[in-house]
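From first to last, the protein sequence lines are chains A and B. Read in order, the letters of the first sequence correspond to residues 536 to 741 in the working numbering. Read in order, the letters of the second sequence correspond to residues 788 to 1168 in the working numbering. See structure below.
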Amino acid sequence: MDAGPGRDQDGPMNSDLRILVVESVPERARDIMSALNAAGWMDVKALAQIAALDRTVREYVPDIVLIDLANPDRDTLEHISHATETSKRAVALFVDHTDDNLTKAALNAGVSAYVVDGLKMERIKPVLETAIARFKVMRQLQSELDAAKQALEDRKTIDRAKGILMRQRQVSEDEAYRLLRKAAMDKSRKVIDVAQALVTAADLLS
Amino acid sequence: MTGTVLNCGYVPLVDCAPLVIAKELGFAAEQGLALNLVRQPSWSALRDMLALGHLDAAQMLSPMAVAMSIGLGGLPARIDALMVLSVNGTVFGLSNAVAKELGTLPFGDARAILTALAARGGKPLRIGVPFHYSMHRLLLSYWTSAAPTLTINEVTVPPPRMADAVADGFVDAFWVGEPWGSVAVQHDVAQLMMTGRDVWQFAPEKVLAVRHEWVERNEDMARRLMRAVFHASAWLDAPRNKPLAVEILGRSEHLSMSSDLIDPALTGHIVPKHNAPPVAVERFLQFHKHAASFPWRSQAAWIAHQLGADAAGVETAKASFRSDLYRQNLADIGADMPGASEKEEGSLRFETAVASSRGHMILAPDAFFDGRTFDFAPQPR
């Protein structure tokens, strides 16, 4: 058996686990794979095209399949695991009723794992923990990105609303913003909601 | 939004309408509920989130709820169906290529379509369904088992990708919920051949699912949720409300699909083929009328039976359809209750008057395409 880099310290425990990562975004797939490699699992494959899932599962015969909880292809993966039930390598959704925290952590991080029947918990757990850690970082980055995008969109809407007020009411920019904020406070709504309503109304009237 | 927050999972399909209407028209607020609708990316995700307690309730494929309760599938758990959310509403379509091979067939003739497919020969037909434990798949299996020479390969495809899957030649046919059948027709990649009710005229499609232990601990919340959804379903089934319902759903952030995709399912005007005139399908999608939301224990039994459950499994399934809670929680707000909680599934060929709490009620036909009937009532010894 050829020992790959990173295997020496971890011994044979990691070496014979085959991990399939189902992820269509290449950077994310690379990210997860390198995190797993760094922790000592070298036999890791990423799959982007769900159309090839059935064949890949049959030919690569993974011990563990990792997939984003939010990936719509999960239903297809579930079906393939039913379909292979007849073979000796049944794959099932990993839920550990003896270790609720691990299941909860996976759920919170957005990881779902499918494991081969009979695979021992002590071998699954480190893989899942590595994946959970990586998914958490990715999720954090994504939500920061989303928040930044949203903030930019909101800023644009508020600027448009201010512009409308400045033209219609002949007020300064600061005064326009005060008007928006006051309207929001009076109606106990957010400034962005008031601005959005104003922009929508202006679009309808124009 | 004020009231007790209730997290309810759903998948963006036209038949999630009762939940969206319960929220948007204030039926939930009237019950003191702040209904938080949480969109789910897949049925597996919805199931996990409900089973693991991240959701209080969910719109669920009726066979998924039964499968979980009888210990089948990825995540078995004791799940109760508080009520049926929708009856019927699915379509069966063929790729343009296969439809052309078969020639002209009358829309909705399940027998003729099956005979033509069986006579076609050649490679097994690859048929896309949204999930293994779905009414789509059960109806497909039930229907095709009447033609032993026909071999099919079931392929799971997320509904939003069904049209592309046909266009790419990944599947030859599909059984899917609206709007995704109409989308395939609009893209001119497939023809709709029949609807789910051509195989079973009154098939419980989605249920309002909760964890059994949740309903035990949250009787009052369950009651309020059921009442909100009941009012929403009644509103949806009133013909005069259809245009407004289409508009509300078309604008709703919960669905993000245009009104023209929602209209066919709600009005029952299905366009089977690109540029063809619509076909009027009676009871294409039913929410309320004919006791549509009543969780018949015999419906659960039929599902369990199709899933291969033994007698004990059938009994477990029956108990998971909470007609007892339906009676208890909805009788005082105008819900007419059938005299029994089980019926002989498939026995009604016409609209039929049966005894009910207010005298009598009209049940819709529930016949199967092959005329079989299923009686799961305990046999007298």
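Glycine included, every Cβ here is placed at the ideal spot set by N, Cα and C. Keep in mind that this is a model prediction, so the values were computed, not measured.
Residue environment, residue 1057 of chain B, which counts as buried when at least 16 other CB atoms sit within 10 Å = Here residue 1057 of chain B is taken as the residue at index 270 of the second sequence, counted from 1. Residue 1057 of chain B is buried by the Cβ-count criterion.
key: CA-to-CA distance, residue 633 of chain A to residue 865 of chain B, given in whole angstroms   = Reading the second sequence from its first residue, position 78 is the one you call residue 865 of chain B. Reading the first sequence from its first residue, position 98 is the one you call residue 633 of chain A. Taking the straight line from one Cα to the other gives about 18 Å.
query = Looking at the C-beta of residue 923 of chain B, does it have a partner C-beta in chain A at a distance below 8 Å?
reply = One-based indexing of the second sequence puts residue 923 of chain B at position 136. Chain A, which has no Cβ nearer than 8 Å to the Cβ of residue 923 of chain B, makes this no.
key: Buried or exposed by the 16-neighbour rule on C-beta atoms within 10 Å, applied to residue 569 of chain A   = Against the first sequence, residue 569 of chain A aligns to sequence position 34. Exposed, by the Cβ-count rule.
query = DSSP puts residue 603 of chain A in a beta bridge; with which residues?
reply = Position 68 of the first sequence, counted from the start, is the residue given in the question as residue 603 of chain A. Paired residues: A:646.
key: Proximity test, Cβ basis, 8 Å: residue 628 of chain A and chain B   = On the first sequence, residue 628 of chain A is found 93 positions in, with the first residue counted as 1. By this cut-off, residue 628 of chain A is an interface position.
ask   = Which value, in whole angstroms, describes the spacing of the CA atoms of residue 968 of chain B and residue 974 of chain B?
value = On the second sequence, position 181 is the one that residue 968 of chain B refers to. On the second sequence, position 187 is the one that residue 974 of chain B refers to. Taking the straight line from one Cα to the other gives about 10 Å.
request  = Look up residue 853 of chain B in the DSSP assignment and give the residues it is bridged to.
outcome  = Within the second sequence, residue 853 of chain B is the residue found at index 66, counting from 1. Per DSSP, none; premise fails for residue 853 of chain B.
inquiry  = Can you look up residue 716 of chain A in the DSSP assignment and give me helix, strand or coil?
reply    = For the purposes of this step, residue 716 of chain A is identified with residue 181 of the first sequence, where counting begins at 1. Looking at residue 716 of chain A - three-state DSSP - the assignment turns out to be helix.
message = Just verifying my parser: in three-state terms, what is the DSSP assignment at residue 925 of chain B?
response = Translated into the one-based positions of the second sequence, residue 925 of chain B becomes position 138. DSSP places residue 925 of chain B in helix when its eight states are reduced to three.
ask   = Do the region 882-889 of chain B and the region 1123-1139 of chain B touch if we need at least three Cβ pairs shorter than 8 Å?
value = no
request  = Would you decide whether residue 514 of chain A is buried or exposed? Buried here means 16 or more other CB atoms lie within 10 Å of its CB.
outcome  = Because chain A in this structure spans residues 536 to 741, residue 514 of chain A falls outside the shown range and cannot be described.
query = Distance, Cα to Cα, residue 1077 of chain B vs residue 557 of chain A?
reply = Stepping through the second sequence from its first residue, residue 1077 of chain B is reached at position 290. Stepping through the first sequence from its first residue, residue 557 of chain A is reached at position 22. So the alpha carbons of these two residues sit roughly 45 Å apart.
message = Counting only beta-carbon separations shorter than 8 Å, does residue 944 of chain B have a partner in chain A?
response = Numbered from its first residue, the second sequence carries residue 944 of chain B at position 157. Yes, residue 944 of chain B lies at the interface with chain A (some Cβ there is under 8 Å from its Cβ).
message = Given this structure, state the Cα-to-Cα distance separating residue 1037 of chain B from residue 972 of chain B, to the nearest angstrom.
response = Here the question's residue 1037 of chain B lines up with position 250 in the second sequence. Here the question's residue 972 of chain B lines up with position 185 in the second sequence. Looking at the two C-alpha atoms, the distance is approximately 19 Å.
task = Could you tell me which residues DSSP pairs with residue 1056 of chain B in its beta bridges?
result = The residue labelled residue 1056 of chain B in the question sits at position 269 within the second sequence. Note: residue 1056 of chain B sits in a beta bridge opposite B:1067.
request  = Please state if the CB of residue 648 of chain A and the CB of residue 663 of chain A are separated by a distance shorter than 8 Å.
outcome  = The count along the first sequence starts at 1 and reaches residue 663 of chain A at position 128. The count along the first sequence starts at 1 and reaches residue 648 of chain A at position 113. Against a cut-off of 8 Å, the Cβ pair of residue 648 of chain A and residue 663 of chain A comes out as a contact.
query = Under 8 Å Cβ-Cβ, which residues of chain B neighbour residue 608 of chain A?
reply = Residue mapping note: residue 608 of chain A aligns to position 73 of the first sequence, counting from 1. Here the neighbours are 829, 945.
message = Does the contact criterion of 3 or more C-beta pairs under 8 Å hold for the region 1092-1112 of chain B versus the region 947-955 of chain B?
response = no
task = Quick one: grab the DSSP three-state call for residue 797 of chain B.
result = Against the second sequence, residue 797 of chain B aligns to sequence position 10. If DSSP states are grouped into helix, strand and coil, residue 797 of chain B belongs with the strands.
task = Mark residue 598 of chain A as exposed unless 16 or more other C-beta atoms lie within 10 angstroms of its C-beta, in which case mark it buried.
result = Translated into positions along the first sequence, residue 598 of chain A becomes position 63. By the 10 Å Cβ count, residue 598 of chain A comes out buried.
ask   = Whole-angstrom Cβ separation of residue 800 of chain B and residue 915 of chain B, contact assumed at under 8 Å?
value = Within the second sequence, numbered from 1, the residue matching residue 800 of chain B stands at position 13. Within the second sequence, numbered from 1, the residue matching residue 915 of chain B stands at position 128. Contact doesn't hold; Cβ gap of about 15 Å is too wide.
query = Exposed or buried, which one is residue 543 of chain A when buried takes at least 16 other CB atoms within 10 Å?
reply = Locating residue 543 of chain A in the first sequence gives position 8, where the first residue counts as 1. The predicted position of residue 543 of chain A is uncertain, since its pLDDT is 43 and thus under 50; a value taken from the coordinates is nonetheless stated next. Flag for residue 543 of chain A reads exposed.
request  = Starting from the C-beta of residue 1141 of chain B, find all residues in its chain whose C-beta is less than 7 Å away, skip the five residues before and the five after it, and write them out in chain order.
outcome  = Position 354 of the second sequence holds residue 1141 of chain B. Closer than 7 Å at the Cβ level, and outside the excluded window around residue 1141 of chain B, lie 1125, 1126, 1147, 1148, 1150.
task = Check each candidate in A:593, A:727, A:584, A:553 and name the one with the smallest Cα separation from residue 561 of chain A.
result = Taking the first residue of the first sequence as 1, we reach residue 561 of chain A at position 26. Nearest option by C-alpha distance: A:584.
inquiry  = Just to make sure I have the definition right: I need the residues of chain A whose C-beta is within less than 8 Å of the C-beta of residue 821 of chain B. Which are they?
reply    = On the second sequence, residue 821 of chain B is found 34 positions in, with the first residue counted as 1. The contacting residues do not exist; residue 821 of chain B stays about 16 Å from chain A at best.
task = Would you mind telling me which residues of chain B sit closer than 8 Å to residue 558 of chain A, beta carbon to beta carbon, in chain order?
result = Your numbering for residue 558 of chain A matches position 23 in the first sequence. By Cβ distance, chain B contributes nothing, its closest Cβ being about 14 Å from residue 558 of chain A, past 8 Å.
inquiry  = Any beta carbon of chain B sitting closer than 8 Å to that of residue 632 of chain A?
reply    = Within the first sequence, numbered from 1, the residue matching residue 632 of chain A stands at position 97. For residue 632 of chain A, the answer is no, since every Cβ of chain B falls outside 8 Å of its Cβ.
For residue 687 of chain A and residue 696 of chain A, the rounded distance between their alpha carbons = On the first sequence, position 161 is the one that residue 696 of chain A refers to. On the first sequence, position 152 is the one that residue 687 of chain A refers to. Each residue's Cα considered, the two are about 14 Å apart.
ask   = Using 8 Å as the limit for Cβ to Cβ distance, is residue 1123 of chain B near chain A?
value = Within the second sequence, residue 1123 of chain B is the residue found at index 336, counting from 1. So no, residue 1123 of chain B is outside the interface.
Residue 1124 of chain B - containing alpha helix (DSSP H), residue span = Working through the second sequence from its first residue, we reach residue 1124 of chain B at position 337. No alpha helix (DSSP H) contains residue 1124 of chain B, which DSSP labels as neither H nor E.
ask   = So residue 726 of chain A packs on residue 713 of chain A, CB below 8 Å; how close in whole Å?
value = Translated into positions along the first sequence, residue 726 of chain A becomes position 191. Translated into positions along the first sequence, residue 713 of chain A becomes position 178. Actually they are not in contact, since the Cβ atoms of residue 726 of chain A and residue 713 of chain A sit about 11 Å apart, beyond 8 Å.
ask   = Straight-line CA distance for residue 935 of chain B to residue 896 of chain B?
value = By 1-based counting over the second sequence, the position of residue 935 of chain B is 148. By 1-based counting over the second sequence, the position of residue 896 of chain B is 109. Each residue's alpha carbon lies about 18 Å from the other.
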